[in-house]
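Novice:
In the numbering used here, the protein residues as written are 6 to 386.
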């Protein structure tokens with residue numbers, strides 16, 4: 006991470022020095038007060054069943070950092086609009102939400118080989134092809150019906166024909182968080198329970214998911230008298246969203262199915278764009294901390310954590326080279342760790358950390374909202 010993106014070193018209230026191990030500091034800042042958290046469980050209105058237990062405290066923090074599906078999952082809205090009707094049907098409750106405007110969705114074409122097969126004013130139906138390519142089997146199809154507003158510079162804009170309406174069937178006994186006439190945003194909870202962050206990412210995008218995780222974790226710590234600076238939580242969450250799984254390697258040096266760092270992905274696509282070659286396409290991932298640790302570039306670091314045999318076998322088969330850029334791998338072989346004074350004398354910022362442009366790239370709310378959970382294309386116009 007670049008120096009100004011991180012900001013002040015909280016120990017000295019000065020700009021953080023190059024080589025400061027901010028990841029270790031973040032882990033310690035969360036782990037130490039985490040020892041004071043209790044594993045609290047309370048019962049909901051339908052607690053006669055095992056599924057009625059809501060976990061908070063340390064258990065919930067672990068659930069979020071490991072990106073697990075919650076045991077007691079809340080129903081969330083995938084529309085921004087108004088709750089127009091709540092009606093009972095048998096033992097269930099049906100909540101109807103209507104969008105407050107005609108939404109326009111953007112469909113990005115993966116590369117120049119894709120040609121639009123629709124034009125402005127065309128009416129499209131759900132799953133209808135919008136563009137196709139002779140070089141790739143990847144399809145660009147409409148997620149819902151609407152009218153093509155415009156086709157511009159590799160992007161197809163499709164506007165809803167009528168305001169969307171969604172019906173959510175809520176099982177008996179669940180407590181509602183909404184009432185008729187309420188205004189609701191994409192990703193807001195309709196019922197009690199914990200939000201599934203994987204679903205939230207698909208519906209509301211990366212930025213809102215990150216903000217939710219930060220807020221939920223801070224709320225748990227503060228509710229039990231522990232204070233943690235948001236910077237430390239945000240740094241760890243940044244790592245959880247740092248990987249992309251390739252679906253189409255294009256002319257890159259990667260292979261389909263590879264899971265790579267988003268910064269490497271961006272730099273490779275910038276190189277391909279500059280050379281006029283076909284760019285790679287991938288899907289943005291949300292991984293828990295355990296899984297993220299296994300996808301590090303250092304096979305020494307990964308092998309020291311979990312699945313040692315698999316990591317070492319994979320490294321030997323693929324002839325991986327460990328560049329010894331991190332802390333753990335240098336400790337393992339008895340070298341000086343690359344921090345502070347050592348880092349100042351031997352640093353190459355481009356290899357160790359990202360740039361301010363990286364932060365801009367990762368925080369594109371509109372683009373992220375439309376692309377997350379689908380094909381994620383790094384081409385930036």
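Even glycine gets a Cβ: it sits at the ideal position worked out from N, Cα and C.
#1: Which ranges does the alpha helix (DSSP H) cover as unbroken runs of at least 4 residues, wholly within the region 275–328, from first to last along the chain?
#2: With a cut-off of 8 angstroms, do at least 3 Cβ pairs link the region 255–266 to the region 282–296?
#3: Quick check: residue 248 and residue 238, are their CB atoms within less than 8 angstroms of each other?
#4: Note down the Cα distance separating residue 4 from residue 297, rounded to an integer number of angstroms.
#5: Quick one: give me the first and last residue of the alpha helix (DSSP H) that residue 221 is part of.
#6: State buried or exposed for residue 122, treating a residue as buried only when at least 16 other CB atoms are found within 10 Å of its CB.
#7: How many angstroms separate the CA atom of residue 49 from the CA atom of residue 202?
#8: May I ask which residues mark the beginning and end of the alpha helix (DSSP H) holding residue 64?
#9: Residue 93 lies in the beta strand (DSSP E); which residues open and close that run?
#10: Quick check: the region 300–308 against the region 331–347, are at least 3 beta-carbon pairs closer than 8 angstroms?
#11: Please look up how many angstroms separate the CB atoms of residue 395 and residue 218, rounded, as I've assumed it's under 8 angstroms.
#12: At what residues does the alpha helix (DSSP H) containing residue 333 begin and finish?
#13: Might you give, ordered along the chain, the residues of its own chain that have their beta carbon closer than 8 angstroms to the beta carbon of residue 38, omitting 5 neighbours on each side?
#14: Just to check my reading of the structure: residue 137 and residue 119 have Cβ atoms closer than 8 angstroms, yes? What is that Cβ distance to the nearest angstrom?
#15: Helix or strand or just coil, what does DSSP make of residue 264?
#16: Of all the options 25, 182, 181 and 128, which has the alpha carbon lying nearest to the alpha carbon of residue 166?
Specialist: The short version:
#1: The alpha helix (DSSP H) runs of length 4 or more contained entirely in the region 275–328 are, from start to end of the chain, 294–299, 304–308 and 313–322.
#2: Yes, the region 255–266 is in contact with the region 282–296.
#3: Working through the chain shown from its first residue, we reach residue 248 at position 243. Working through the chain shown from its first residue, we reach residue 238 at position 233. Result no, Cβ atoms of residue 248 and residue 238 do not sit closer than 8 angstroms.
#4: Nothing can be reported for residue 4: it is not among the residues displayed for the chain, which extend from 6 to 386.
#5: The residue you call residue 221 lines up with position 216 of the chain shown. Bounds of the alpha helix (DSSP H) holding residue 221 are 211–228.
#6: If you number the chain shown from 1, residue 122 lands on position 117. Residue 122 comes out exposed.
#7: Stepping through the chain shown from its first residue, residue 49 is reached at position 44. Stepping through the chain shown from its first residue, residue 202 is reached at position 197. Bear in mind that a pLDDT of 44 at residue 49, under 50, signals an unreliable position, so the number given afterwards is only what the model happens to contain. Whole-angstrom Cα-Cα distance: 21 angstroms.
#8: Counting from 1 along the chain shown, the entry for residue 64 is found at position 59. First-last of the alpha helix (DSSP H) with residue 64: 62–70.
#9: On the chain shown, position 88 is the one that residue 93 refers to. Per DSSP, residue 93 belongs to the beta strand (DSSP E) from 86–94.
#10: Using a C-beta cut-off of 8 angstroms, the region 331–347 makes contact with the region 300–308, since at least three inter-stretch Cβ pairs fall below that distance.
#11: Lying outside 6 to 386, the shown extent of the chain, residue 395 is not represented and no answer is given.
#12: Within the chain shown, residue 333 is the residue found at index 328, counting from 1. Where residue 333 is concerned, the enclosing alpha helix (DSSP H) stretches over 332–338.
#13: The sequence position of residue 38 within the chain shown is 33, counting from 1. Only 226, 231, 232 and 233 meet the Cβ criterion.
#14: Against the chain shown, residue 137 aligns to sequence position 132. Against the chain shown, residue 119 aligns to sequence position 114. 7 angstroms between Cβ atoms; contact.
#15: For the purposes of this step, residue 264 is identified with residue 259 of the chain shown, where counting begins at 1. Three-state DSSP puts residue 264 in a strand.
#16: By one-based count along the chain shown, residue 166 stands at place 161. With distances taken between Cα atoms, residue 166 lies closest to 128.
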